[in-house]
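**Q** Numbering (mature numbering (1 follows the signal peptide of the UniProt record, and there is no 0)), first residue to last: -18 to -1, 1 to 367.
Don't be surprised by glycine CBs; every beta carbon is placed ideally from N, CA and C.
1) Provide the residue span of the alpha helix (DSSP H) that contains residue 275, from first to last.
2) What residue from 39, 146, 314 has the CA that sits closest to residue 78's CA?
3) Please look up how many angstroms separate the CB atoms of residue 249 and residue 194, rounded, as I've assumed it's under 8 Å.
4) Compare the Cα-Cα distances from residue 286 to each of 205, 335, 304, 119 and report the closest residue.
5) Between the C-alpha atoms of residue 68 and residue 121, what's the straight-line distance to the nearest angstrom?
6) Looking at C-beta atoms only, is the number of pairs between the region 272 to 286 and the region 237 to 248 that lie closer than 8 Å three or more?
7) Measuring CA to CA, which of 183, 62, 196 is closest to residue 53?
8) Does residue 283 come out as helix, strand or coil in the three-state DSSP assignment?
9) Is it buried or exposed, residue 119, if we count other Cβ atoms within 10 angstroms and call 16 or more buried?
10) Say whether the region 215 to 232 touches the region 147 to 161, bearing in mind that this needs 3 or more beta-carbon pairs closer than 8 Å, one atom from each stretch.
11) Which first and last residues belong to the alpha helix (DSSP H) in which residue 59 is found?
12) Thinking residue 49 and residue 74 are a contact (beta carbons under 8 Å), I'd like their distance in whole angstroms, please.
13) Suppose contacts are defined by Cβ-Cβ distances below 9 Å. Is residue 123 in contact with residue 87 by that definition?
14) Return the chain-ordered ranges of every alpha helix (DSSP H) run that is complete within the region 199 to 247 and spans a minimum of 4 residues.
15) Label residue 319 either buried or exposed according to how many other C-beta atoms from any shown protein chain fall within 10 Å of its C-beta, with 16 as the threshold for buried.
16) So what's residue 33 in DSSP terms, helix, strand or just coil?
17) Grouping DSSP H, G and I as helix and E and B as strand, with all else coil, what is residue 157?
18) Does DSSP put residue 125 in a helix, in a strand, or in coil?
19) Mind checking whether residue 138 and residue 199 have CB atoms under 9 Å apart?
20) Classify residue 33 as buried or exposed, calling it buried when 16 or more other Cβ atoms lie within 10 Å of its own Cβ.
21) Do the CB positions of residue 45 and residue 80 come within less than 9 Å of each other?
22) Which value, in whole angstroms, describes the spacing of the CA atoms of residue 111 and residue 130?
23) Could you check where the beta strand (DSSP E) with residue 11 kicks off and where it finishes?
24) Can you tell which of 113, 303, 337, 207 has the C-alpha that lies nearest to the C-alpha of residue 147?
25) Measuring only the C-alpha atoms, how far is residue 144 from residue 202?
26) Express the C-alpha separation of residue 212 and residue 161 in angstroms, rounding to a whole number.
27) Can the beta-carbon of residue 116 be found less than 9 Å from the beta-carbon of residue 256?
28) On a CA-only basis, which of 330, 101, 321, 302 is nearest residue 246? Give me that one, please.
29) Excluding the 5 residues flanking residue 92 on each side, which residues of the same chain have their C-beta closer than 6 Å to its C-beta?
30) Give the DSSP-derived three-state secondary structure of residue 190 in the structure shown.
31) When DSSP labels each residue in this structure, what does residue 118 get in the three-state scheme?
32) Report back the beta-carbon spacing between residue 135 and residue 183 to the nearest angstrom; my notes put them in contact at under 8 Å.
33) Can you list, in chain order, the residues of its chain with a C-beta nearer than 6 Å to that of residue 204? Leave out the 5 residues immediately preceding and following it.
34) Using DSSP with H/G/I as helix, E/B as strand and the rest coil, what is residue 318?
35) Quick check: what's the CA-CA separation for residue 325 versus residue 234?
36) Confirm, please, whether the CB-CB distance from residue 106 to residue 191 is below 9 Å.
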């Protein structure tokens, strides 16, 4: 998509040696950390159609796979290589193995793993789960994200710590929580026996890294999270007060997946380092996007955020066709100048809102062009008075 090409950093590049050999010609730095240095060892291997499945799906394997079509003569090749090697230096000590796939050469493998043509992406394979990374291509952000990958696709809430984790994610991600019957013993999800919970867990595997799944198995914790009956499943989207309830007929893996896929898009979500590319992916033909640059530390920013909260909550039925992307400029200081030049706005003057047609339909002919190529929109400055 256009955004990934304009704002993104493509990934990685060429086939590299399977052995951990010195890469003397590659100079990399952990910026800002004087005591942390790249040791110069290559920790990557090349995967092909022949060895992919038996490698990444091997028992107890933890694999990081960089899918890319970057050419050897790409002037930014060293930057891509450094991102991977610096990440690998930290995470191989924690049991992960790093691999590359050249999607130009391995087209069948690209299609198998659902990687779009020309797309550079990262998949993490762990315990049989595939998790796509949609964050910025920065070693610190990526390594931090990897360290936070949960051991199980569903968190069972059975103490105050689990409840606090659930509540702290309120406006950060889409959350799904269900109330199920407990098993005969144990506290981990794999020891719970109610069939619907097993189906719930298997559906959650397909959304790891994108949606947080929780479950309760006692009436005590069900009351604390607002669930009233066994089998009840709720979806809580960011910045929306009322949850969505799954139909009572939804109790198989496929039915859970279909329901989540249909409703997972929130009206408003906050742009973060971890979801940077996911926000712009795969727009619907009739989807409209509002970009809101809001600094909540200012009076004007707080007022604008309050207004946007109301808009998001009152328009929840338009999720999937209306999307508000909330951007705090303080969290992206390096991008402020880029966005100001791109959109012709002054972010530092106060809150800015832009309505954008991200389809290729000329739905707003009277608006000035704020985006390159097919994207059109109009910007509104927030009146300080």
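**A** Reading from the atomic positions:
1) Residue 275 sits at position 293 when you count from the first residue of the chain shown. According to the DSSP assignment, residue 275 belongs to no alpha helix (DSSP H) but to the beta strand (DSSP E) extending over 270 to 275.
2) For this step, residue 78 is matched to residue 96 along the chain shown. Across the set 39, 146, 314, the C-alpha of 39 shows the shortest separation from the C-alpha of residue 78.
3) By 1-based counting over the chain shown, the position of residue 249 is 267. By 1-based counting over the chain shown, the position of residue 194 is 212. Actually they are not in contact, since the Cβ atoms of residue 249 and residue 194 sit about 18 Å apart, beyond 8 Å.
4) As a working note, residue 286 is residue 304 in the chain shown. If we check each option's Cα against that of residue 286, 335 comes out closest.
5) Locating residue 68 in the chain shown gives position 86, where the first residue counts as 1. Locating residue 121 in the chain shown gives position 139, where the first residue counts as 1. One C-alpha to the other measures close to 6 Å.
6) With a cut-off of 8 Å, the region 237 to 248 and the region 272 to 286 do not count as touching, because too few Cβ pairs lie within range.
7) Indexing the chain shown from 1 puts residue 53 at position 71. If we check each option's Cα against that of residue 53, 62 comes out closest.
8) Translated into the one-based positions of the chain shown, residue 283 becomes position 301. Helix at residue 283.
9) Reading the chain shown from its first residue, position 137 is the one you call residue 119. So residue 119 counts as buried.
10) In the pairwise beta carbon analysis, the region 215 to 232 is classified as touching the region 147 to 161: at least three pairs are separated by under 8 Å.
11) For this step, residue 59 is matched to residue 77 along the chain shown. Looking at the DSSP string, the run of the alpha helix (DSSP H) that includes residue 59 is 59 to 73.
12) Against the chain shown, residue 49 aligns to sequence position 67. Against the chain shown, residue 74 aligns to sequence position 92. The Cβ separation is near 19 Å, so there is no contact.
13) Taking the first residue of the chain shown as 1, we reach residue 123 at position 141. Taking the first residue of the chain shown as 1, we reach residue 87 at position 105. It is not a contact, given that the beta carbons lie outside the stated cut-off.
14) The qualifying runs are 201 to 206, 235 to 245.
15) Position 337 of the chain shown, counting from 1, holds the residue named residue 319. Around the beta carbon of residue 319, fewer than 16 other beta carbons sit within 10 angstroms, so the residue counts as exposed.
16) Numbered from 1 along the chain shown, position 51 holds the residue referred to as residue 33. Coil, per DSSP.
17) Counted from its first residue, the chain shown places residue 157 at position 175. Strand, per DSSP.
18) Numbered from its first residue, the chain shown carries residue 125 at position 143. In the structure shown, residue 125 adopts helical secondary structure according to DSSP, grouped into three states.
19) Taking the first residue of the chain shown as position 1, residue 138 is located at position 156. Taking the first residue of the chain shown as position 1, residue 199 is located at position 217. Contact flag set, yes.
20) The residue given as residue 33 occupies position 51 in the chain shown. Of the other Cβ atoms in all chains shown, fewer than 16 fall within 10 Å of the Cβ of residue 33; this residue is therefore exposed.
21) Taking the chain shown and counting its residues from 1, one reaches residue 45 at position 63. Taking the chain shown and counting its residues from 1, one reaches residue 80 at position 98. Yes, the pair counts as a contact, with Cβ atoms nearer than the cut-off.
22) For this step, residue 111 is matched to residue 129 along the chain shown. For this step, residue 130 is matched to residue 148 along the chain shown. Their Cα atoms are separated by approximately 15 Å.
23) Taking the first residue of the chain shown as 1, we reach residue 11 at position 29. No beta strand (DSSP E) contains residue 11, which DSSP labels as neither H nor E.
24) Residue numbering aside, residue 147 sits at position 165 when the chain shown is read from its first letter. Nearest of 113, 303, 337, 207 to residue 147, Cα basis: 207.
25) As a position in the chain shown, residue 144 is number 162, starting the count at 1. As a position in the chain shown, residue 202 is number 220, starting the count at 1. Distance from the CA atom of residue 144 to the CA atom of residue 202, rounded to whole angstroms, is 13 Å.
26) One-based indexing of the chain shown puts residue 161 at position 179. One-based indexing of the chain shown puts residue 212 at position 230. Roughly 5 Å between the two C-alpha positions.
27) Here the question's residue 116 lines up with position 134 in the chain shown. Here the question's residue 256 lines up with position 274 in the chain shown. For residue 116 and residue 256, yes; Cβs fall inside 9 Å.
28) By one-based count along the chain shown, residue 246 stands at place 264. Of the listed residues, the one whose Cα sits closest to residue 246 is 302.
29) As a position in the chain shown, residue 92 is number 110, starting the count at 1. Correct list, in chain order: 85.
30) Against the chain shown, residue 190 aligns to sequence position 208. Of the three classes helix, strand and coil, the one that applies to residue 190 here is coil, per DSSP.
31) Locating residue 118 in the chain shown gives position 136, counting from the first residue. The answer is coil: DSSP assigns residue 118 none of H, G, I, E or B.
32) By one-based count along the chain shown, residue 135 stands at place 153. By one-based count along the chain shown, residue 183 stands at place 201. The Cβ separation is near 6 Å, so the contact holds.
33) Within the chain shown, the letter at position 222 stands for residue 204. Beyond the five residues adjoining it in sequence on each side, residue 204 comes within less than 6 Å, by CB distance, of 161, 198 in the same chain, given in chain order.
34) Here residue 318 is taken as the residue at index 336 of the chain shown, counted from 1. It is helical.
35) One-based indexing of the chain shown puts residue 325 at position 343. One-based indexing of the chain shown puts residue 234 at position 252. Rounded to the nearest angstrom, the two C-alpha atoms are 46 Å apart.
36) Against the chain shown, residue 191 aligns to sequence position 209. Against the chain shown, residue 106 aligns to sequence position 124. Going by beta carbons, residue 191 and residue 106 fall inside the 9 Å limit.
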